[in-house]
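Residue numbering for the sequence shown is 1 to 82, as defined by full-length UniProt numbering.
Where is the CB? At the ideal position from N, CA and C, for every residue including glycine.
Here the structure is a predicted model, which is why all the values come from computation and not from measurement.
Here is the structure we will look at.
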Amino acid sequence: MEDIILKADILQHKLVPEHTILSEEEAQKVLDDLNVRLDQIPKILPTDPVVKAIDAKVGDILKITRKSETAGIFVAYRVVRD
1 MEDIILKADI LQHKLVPEHT ILSEEEAQKV LDDLNVRLDQ IPKILPTDPV VKAIDAKVGD
61 ILKITRKSET AGIFVAYRVV RD
């Protein structure tokens, strides 16, 4: 019997917020603006399905933009690391 592999584009799911990989310049600006070091940014694992889907690498900073009924738009940052 053949194995059937089903794949869905998780990035299109309504509960998955927008994830963007920041350039080195953008990442440095975020660190400077927030007055934090890279090790102070919350982490996201390289095994996270969204990290895999957008092909982010260890050390990348992701900008996560969520729509919120109470806050409008909420932006969070995560660094890809183990």
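Between D82 and P46, how many whole angstroms is the CB-CB distance? I'm expecting something under 8 Å. 7 Å
Q: Tell me whether V50 sits in a helix, a strand or coil according to DSSP, three-state version.
A: helix
Give a yes or no on whether the C-beta atoms belonging to T65 and E25 are separated by under 8 Å. no
According to DSSP, simplified to helix, strand and coil, what is A27?
helix
### Message
Can you find the residues in the same chain that come closer than 7 Å, C-beta to C-beta, to A53, ignoring five residues on each side of it along the sequence?
### Response
I10, L11
At which residues does the beta strand (DSSP E) containing K67 begin and terminate?
-> 61-68
Under 8 Å by Cβ, that's how I've got I41 and V80 pegged, so tell me the actual separation to the nearest angstrom.
Actually they do not touch by this definition, with Cβ atoms about 10 Å apart.
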